[in-house]
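Letter by letter, the sequence shown follows residues 1 to 155 of the UniProt record's numbering.
Data block below; observations after.
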Amino acid sequence: MSSLLPGTGYSTIVIQLYSRLYIIILAWALLYFFYCFSDPLPWATCNNPWNTDRCVDLTATNWTEIHGGNLTVNWTSGNLSESSASEFWHRGILSMSGGIQEVGSVKWELLLCLLACWVACYFCIWKGVRFTGKVSIGVRIQGPHIPLKLEKCTE
Numbered sequence: 001m002s003s004l005l006p007g008t009g010y011s012t013i014v015i016q017l018y019s020r021l022y023i024i025i026l027a028w029a030l031l032y033f034f035y036c037f038s039d040p041l042p043w044a045t046c047n048n049p050w051n052t053d054r055c056v057d058l059t060a061t062n063w064t065e066i067h068g069g070n071l072t073v074n075w076t077s078g079n080l081s082e083s084s085a086s087e088f089w090h091r092g093i094l095s096m097s098g099g100i101q102e103v104g105s106v107k108w109e110l111l112l113c114l115l116a117c118w119v120a121c122y123f124c125i126w127k128g129v130r131f132t133g134k135v136s137i138g139v140r141i142q143g144p145h146i147p148l149k150l151e152k153c154t155e
């Protein structure tokens with residue numbers, strides 16, 4: 001190998017890892033975007049399949065409603081409650097298991113979002129910067145008008 005460009009291979013690997021991590025974060029954001037259209041929002045309530053008994057409903061108005069009346073807690077154990085938003089992220093989106101020995105199952109909606117992000121990335125690279133710039137300008141111009149038109153249609 002040539003000693004002219006030392007570290008080129010390592011930098012290529014680091015760039016590939018960062019790009020894959022970025023696509024995963026985009027897939028999470030896309031899935032979150034789709035969840036935003038559900039009513040009620042899944043991170044605001046404890047009525048979802050992934051919620052546990054320790055879930056605290058964010059829409060509750062007072063502590064007796066949150067804890068169902070009396071609450072007895074051993075002071076040394078601390079507060080074991082977890083917000084519904086935290087359970088949505090850890091159990092609903094990530095589906096975190098108990099350890100590395102528990103593999104878990106494939107989250108199909110997250111896999112579809114990941115595939116959509118990879119396809120969008122492919123088309124952005126394939127068409128080039130000019131096409132991507134034209135699309136972004138079109139979205140920026142039309143973006144503010146769409147909610148206004150939707151609001152006008154609902155009136």
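Every residue gets a Cβ at the ideal spot worked out from N, C-alpha and C, and that includes glycine.
Asked	Found
Alpha carbon of V119 to alpha carbon of R91, nearest angstrom	27 Å
Residue from C113, E102, I24 and W126 whose Cα sits closest to the Cα of F34	C113
Between the CA atoms of A116 and W126 - distance to the nearest angstrom	15 Å
G98 to S19 span [Cα, whole Å]	28 Å
Beta-carbon contacts of I24 that lie in its chain and below 8 Å, excluding the five residues immediately before and after	L114
Extent of the continuous alpha helix (DSSP H) run through E102	From DSSP, E102 is part of no alpha helix (DSSP H); its letter is neither H nor E.
Contact check, L110 vs A27, beta carbons under 9 Å	yes
Exposed unless 16 or more other CB atoms sit within 10 angstroms - verdict on V129	exposed
Proximity below 9 Å, CB of C46 to CB of S86	no
Three-state secondary structure (DSSP) of S19	helix
Identity of the residue in D57, S38 and S95 nearest K107 by Cα	S95
Beta-bridge partners of V56, as assigned by DSSP	S83
Burial state of C36, where buried means 16 or more other Cβ atoms lie within 10 Å	exposed
Close beta carbons around Y22, own chain, < 7 Å, minus the five adjacent residues each side	none
Assigned secondary structure, W50 (DSSP; H/G/I helix, E/B strand, else coil)	coil
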